[in-house]
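Residue numbers (full-length UniProt numbering): 1 to 95.
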């Protein structure tokens, strides 16, 4: 697939990108190179190959999900202006 100058101008207009007449030819060449690369990649037989999540076989080091800070909920609610059923009450903003 190859894009014409008119195609590039239309794509630029639809994407709201200002492209001058001099830039159209360069942009056309770059877009055609990208499309050629995509066609080459589609031609590769990938049957039996599993998709990879990362280019290298790496594993993240995970830490244990442990609470490290003490539970100070009641201390903070004791100094709050208004609390009901363990929830902070705030003034109504939307009528």
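For glycine and all other residues, C-beta sits at the position ideal for the given N, C-alpha and C.
In this text the structure is predicted, and so the values were computed from the model without any measurement.
For residue i, three-class secondary structure by DSSP
i, result
"residue 14", "helix"
"residue 84", "strand"
"residue 60", "coil"
"residue 1", "coil"
Nearest neighbour of residue i, chosen from the options [CA to CA]
i, options, result
"residue 31", "49, 5, 13, 22", "5"
"residue 24", "62, 10, 91", "10"
"residue 37", "62, 76, 2, 80", "2"
Distance between beta carbons of residue j and residue i, contact taken as under 8 angstroms
i, j, result
"residue 89", "residue 78", "The pair is not a contact, with the Cβ atoms about 14 angstroms apart (cut-off 8 angstroms)."
"residue 44", "residue 27", "With a Cβ gap of about 27 angstroms, residue 44 and residue 27 do not count as contacting."
Nonlocal neighbours in the same chain, by C-beta distance under 6 angstroms from residue i, ignoring five residues either side
i, result
"residue 35", "1"
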